[in-house]
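Add 12 to the 1-based position in the sequence shown for my numbering, that's all there is to it.
Ideal Cβ positions, reconstructed from N, Cα and C, are used throughout, including at glycine.
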Amino acid sequence: MKAEFRATMPALVSVFFLLVVSCTTDVFALKWNLFRHKVPGPLDFEISYKTYYFDQKIDHFGFLEDGTFKQRYLVAAQHWQKDGGPILFYTGNEGDIAWFCNNTGFMWDVAEELGAMLVFAEHRYYGESMPFGAESYSDAKHLNYLSSEQALADFAVLIKCLKASWPGAQTSAVIAVGGSYGGMLAAWFRMKYPHVVAGALAASAPIWQFPDMVPCGVFYKIVSDDFARSGVNCNANIRGSWNAIDKLSSTDEGLQWLSREFSLCAPLTKGDGLKSWLQETWVNLAMVDYPYKANFLQPLPAWPIKVVCQHLQFSPEVSERQLLHGIAQAAKVYYNYTGDASCLNISQSATGNLGMMGWFYQACTEMVMPMCSDGVQDMFEPQEWNFQAFSDECYAMFGVRPRADWAEVVYGGKDITSYSNIIFSNGGLDPWSGGGVTRNLSDSLVAVWIPDGAHHLDLRYNNEYDPRSVLDARLQEVTIIKQWIKQSAAQGKV
Ligand SMILES: *[C@@H]1O[C@H](CO)[C@@H](O)[C@H](O)[C@H]1NC(C)=O
Ligand SMILES: *[C@@H]1O[C@H](CO)[C@@H](O)[C@H](O)[C@H]1NC(C)=O
Ligand SMILES: *[C@@H]1O[C@H](CO)[C@@H](O)[C@H](O)[C@H]1NC(C)=O
Ligand SMILES: *[C@@H]1O[C@H](CO)[C@@H](O)[C@H](O)[C@H]1NC(C)=O
Numbered sequence: 013m014k015a016e017f018r019a020t021m022p023a024l025v026s027v028f029f030l031l032v033v034s035c036t037t038d039v040f041a042l043k044w045n046l047f048r049h050k051v052p053g054p055l056d057f058e059i060s061y062k063t064y065y066f067d068q069k070i071d072h073f074g075f076l077e078d079g080t081f082k083q084r085y086l087v088a089a090q091h092w093q094k095d096g097g098p099i100l101f102y103t104g105n106e107g108d109i110a111w112f113c114n115n116t117g118f119m120w121d122v123a124e125e126l127g128a129m130l131v132f133a134e135h136r137y138y139g140e141s142m143p144f145g146a147e148s149y150s151d152a153k154h155l156n157y158l159s160s161e162q163a164l165a166d167f168a169v170l171i172k173c174l175k176a177s178w179p180g181a182q183t184s185a186v187i188a189v190g191g192s193y194g195g196m197l198a199a200w201f202r203m204k205y206p207h208v209v210a211g212a213l214a215a216s217a218p219i220w221q222f223p224d225m226v227p228c229g230v231f232y233k234i235v236s237d238d239f240a241r242s243g244v245n246c247n248a249n250i251r252g253s254w255n256a257i258d259k260l261s262s263t264d265e266g267l268q269w270l271s272r273e274f275s276l277c278a279p280l281t282k283g284d285g286l287k288s289w290l291q292e293t294w295v296n297l298a299m300v301d302y303p304y305k306a307n308f309l310q311p312l313p314a315w316p317i318k319v320v321c322q323h324l325q326f327s328p329e330v331s332e333r334q335l336l337h338g339i340a341q342a343a344k345v346y347y348n349y350t351g352d353a354s355c356l357n358i359s360q361s362a363t364g365n366l367g368m369m370g371w372f373y374q375a376c377t378e379m380v381m382p383m384c385s386d387g388v389q390d391m392f393e394p395q396e397w398n399f400q401a402f403s404d405e406c407y408a409m410f411g412v413r414p415r416a417d418w419a420e421v422v423y424g425g426k427d428i429t430s431y432s433n434i435i436f437s438n439g440g441l442d443p444w445s446g447g448g449v450t451r452n453l454s455d456s457l458v459a460v461w462i463p464d465g466a467h468h469l470d471l472r473y474n475n476e477y478d479p480r481s482v483l484d485a486r487l488q489e490v491t492i493i494k495q496w497i498k499q500s501a502a503q504g505k506v
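#1: Give the straight-line distance between the Cα atoms of residue 337 and residue 248, rounded to the nearest whole angstrom.
#2: Three-state secondary structure (DSSP) at residue 444?
#3: Is there contact here, the segment 213-223 with the segment 468-480, by at least three beta-carbon pairs under 8 Å?
#4: Mind checking whether residue 371 and residue 228 have CB atoms under 7 Å apart?
#5: Exposed or buried, what is residue 475 when buried is set at 16 or more other beta-carbons lying within 10 Å of its beta-carbon?
#6: Any C-beta of chain C sitting closer than 7 Å to the C-beta of residue 443?
#7: Compare the beta carbon distance of residue 133 and residue 112 with 7 Å and say whether it is the shorter of the two.
#8: Determine the direct distance from the alpha carbon of residue 163 to that of residue 143, and round the result to whole angstroms.
#9: So, residue 313 versus residue 252, is the Cβ gap smaller than 7 Å?
#10: I'd like the list of long-range same chain contacts for residue 485, defined as Cβ closer than 7 Å, with 5 residues on each side in sequence excluded.
#11: Let's test the definition: count the other Cβ atoms within 10 Å of the Cβ of residue 414 and tell me whether it reaches 16, buried, or not, exposed.
#12: Between residue 104 and residue 367, which are expected to be in contact by the criterion C-beta below 8 Å, what is the C-beta distance as a whole number of angstroms?
#13: Please identify the residue among 94, 63, 193 whose C-alpha is closest to the C-alpha of residue 381.
#14: Is it the case that the Cβ atoms of residue 139 and residue 109 are separated by a distance below 7 Å?
#15: Can you tell me where the beta strand (DSSP E) with residue 452 in it begins and where it stops?
#16: By Cβ distance, which residues of its chain are closer than 6 Å to residue 130, with the 5 residues on each side in sequence left out?
#17: May I ask which residues mark the beginning and end of the beta strand (DSSP E) holding residue 81?
#18: Is the closest heavy atom of ligand 1 to the C-beta of residue 120 under 6 Å?
#19: Taking 6 Å as the cut-off, is the C-beta of residue 348 nearer than that to any heavy atom in ligand 2?
#20: Run through DSSP, which three-state label would residue 409 get?
#21: With DSSP run on the structure shown, which of helix, strand or coil describes residue 119?
#22: For ligand 3, I want to know if residue 357 counts as a neighbour, meaning its beta carbon is within less than 6 Å of at least one of the ligand's heavy atoms.
#23: For residue 263, count neighbouring C-beta atoms within 10 Å of its own C-beta (all shown protein chains included) and say buried if the count is 16 or more, exposed if not.
#24: Apart from the five residues just before and just after residue 149, which ones in its own chain have a Cβ nearer than 7 Å to its Cβ?
#25: What are the start and end residues of each continuous alpha helix (DSSP H) run of 4 or more residues lying completely inside the segment 157-198, in chain order?
#26: Given this structure, state the Cα-to-Cα distance separating residue 287 from residue 311, to the nearest angstrom.
#27: Does ligand 1 have a heavy atom nearer than 6 Å to the CB of residue 108?
#28: Out of 274, 297, 181, which one is the CA nearest neighbour of residue 93?
#29: Give me the pocket residues for ligand 4, defined as CB within less than 7 Å of any heavy atom, sorted by chain position.
#30: Between residue 261 and residue 233, which are expected to be in contact by the criterion C-beta below 8 Å, what is the C-beta distance as a whole number of angstroms?
#31: So which of 257, 183, 188, 388 has the shortest CA-CA distance to residue 116?
#32: Ligand 1 and residue 111: does any heavy atom of the ligand fall closer than 6 Å to the residue's C-beta?
#33: Whose C-alpha, out of 446, 494, 431, 441, is nearest the C-alpha of residue 207?
#34: Give the DSSP-derived three-state secondary structure of residue 70 in the structure shown.
#35: So, using beta-carbon positions, are residue 376 and residue 277 closer together than 7 Å?
#36: Within this structure, are the beta carbons of residue 300 and residue 443 separated by less than 7 Å?
Here it is, written out as C-alpha cells:
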C-alpha cells in the first residue's frame, strides 16, 4: 500500500476525454473539481472528480408519487481500467457527499492499484440531493421519503444506469464502501442487493446499536475509557464536573463566572445546556481521536484527547472553580485549536458538514439507537434509556414516532449469517465500535479490528503517523476486495 501516492496530473488529461460520456440523457455533468490534497510530510497529491446529477424517483416503493429529484454523485475515473476494472461505490451518508469524498482517502489511495472507478453517491435529503428542494424539510409529509431503504434503492437504480450506459462498465464488479451510517448502508446494500454489489467494506458501522442488540451503556463506556487512558485523573475530573456545574449554576454569580470562564457567546441562564454541550464535545473527541493533526469535525491536534487531558491532570480534590477552569481549557482544545474562536457557542457542537436535522429525523423513525449512562462505568451523569420519552420528543419535533424494532425486521439484526461478502472494520477507540460487528461471523463476514483506531480511521488517507494496526487493516481489506472482484468475474456475475 505504498505505491498509491503519485501525482495524478497525467491521468487528468485523459479523464477529461473519458467524461464526455454520461449515464443517460437525464444525467448531465455540471462541474468538475480539482484540488491538491495535503497531508503532513512528503505526501501531497491531487485528486479530481466530476460532479453529475441523476433523475431519481422520489418514491421507489409506491406508485402514487411519481416525481423525481436530482441526486448528486461524483465520479473519478482516472485510474479506472475499462472493461473489467471495478467500481468502488461510496454509499453516501448523512451529509454533503463532497465532504465524504474528501474524507475517504482510502478509496483514492487504492484506486490505482485496483484499476478502479470511484463513485460517491449522495444520500437523499442531504447536501444538494433534496427531493423537494427547499421544501424538503418543511414537514413530515415532505420528509416521508427519507429512509435508508429509499437511499439503498437510489444506489441500486443509479448503478444499474451507470453500468448500462458508461462504456466499458458493463462487466465491472461493484464494491460498496462506507463509513459510519454510510458503512451501515454499505453492509445493508450488499445484504439487500447482492446482485448489484459483489461485496461491501463497512467501516465503523454500528449495525447492532439497535434495541436489545447491545447494552445501551456501551457507547458512553468506550468514550470514558478513551479519556481514562489518555491522562491521569482525566475521566475522574470530567465525572466530577457535572455536579460542579450544577452547584455553580445555582447562583447568578456562578452563572456569570461560568459564562466568562468558558468564553460563551451568550450568557448562561442555567447549567443544563452547558452540560449537554460538554457531553457532546467529549463524544465527538472520542470519535476523532486520530493519531495525527486532522480536520474531520473540527481542526484538531494529533491525539486530541491526550491534549484535552493535559488540562485535567490535577487531583479531583480541587475546588469546583479550579476543576471547571480545567474543563473550560479542555473544551477549548476542541473549539479553538486554530485560535480563531472569539467565543464559544453552546448551541453549536461543531459537527462540520453533517446534516443534523436529517439525522434526527432518521433517528426518530428507523434509526432508533438506545444509549444510556450510569456514571460508574462511564464518566457521564446517570441517564436511562427511555423509549417513550424519546418517542414523545420525536413527535413534538417532527410529528412522527419511531418504530423501535423496524431496523431489526428489515435488516436482520444479529441474525445475519445467511449474508456474505462484508468486511466490518472497527476501531477500539471509537464509541460506535460497541454497536459494531467485531467478530468473524463466517468465512465471508469478516471482522477487522483496529485497536488504536478511532471512527473509521481505515477509510482515511494513508498517513505517516498511522499506527501499524490500521496499515494491516487496510492491507487485509484490499486483499479481500481483490478476492471479491475475482469471484465476481469468475461467476460472470458482473
Ligand atoms: C474538499 O477539499 C477541498 C480541498 O481541501 C476544499 O476546497 C473543499 O471545500 C472540500 N469540500 C468539502 C465539502 O469539504
Ligand atoms: C482562542 O485562542 C486565541 C489564541 O490563543 C485567543 O486569543 C482567544 O481568546 C481564544 N478564544 C476563546 C473563545 O477562548
Ligand atoms: C449560536 O449558534 C446558534 C445555532 O447555530 C445560532 O443561531 C446563534 O446565532 C449563535 N450565536 C452566536 C452568538 O453566535
Ligand atoms: C477474522 O478472520 C480473519 C481471517 O480470515 C483474521 O485475520 C481476523 O483476525 C479475524 N478477526 C477477528 C476479529 O477475529
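On the basis of the supplied data:
#1: Going from the Cα of residue 337 to the Cα of residue 248 covers about 15 Å.
#2: helix
#3: In short, these stretches touch, since the Cβ pair count reaches three.
#4: Residue 228 is positioned such that its CB atom lies no closer than 7 Å to that of residue 371.
#5: Classification for residue 475: buried.
#6: Chain labels in this structure do not include chain C; a single protein chain is all it has.
#7: Not closer than 7 Å, so no.
#8: Their backbone Cα atoms lie some 12 Å apart in a straight line.
#9: no
#10: 437, 460, 462, 470
#11: buried
#12: Actually they are not in contact, since the Cβ atoms of residue 104 and residue 367 sit about 11 Å apart, beyond 8 Å.
#13: 193
#14: In this structure, residue 139 lies near residue 109, with their beta-carbon atoms less than 7 Å apart.
#15: Segment: none, residue 452 is in no beta strand (DSSP E) and carries neither H nor E.
#16: 88, 100, 119, 123
#17: 80-88
#18: no
#19: yes
#20: Assignment of residue 409 by DSSP, reduced to helix, strand and coil, places it in the helix class.
#21: helix
#22: Yes, since a heavy atom of ligand 3 falls inside the 6 Å radius drawn around the Cβ of residue 357.
#23: exposed
#24: 155, 369
#25: 160-177
#26: Residue 287 and residue 311: Cα-Cα distance of roughly 22 Å.
#27: yes
#28: 181
#29: 450, 451, 452, 458, 459, 460, 461, 488
#30: The C-beta distance from residue 261 to residue 233 rounds to 27 Å, too long to fall under 8 Å, and the pair is not in contact.
#31: 188
#32: yes
#33: 431
#34: coil
#35: no
#36: Between residue 300 and residue 443, the gap from beta carbon to beta carbon reaches 7 Å or more.
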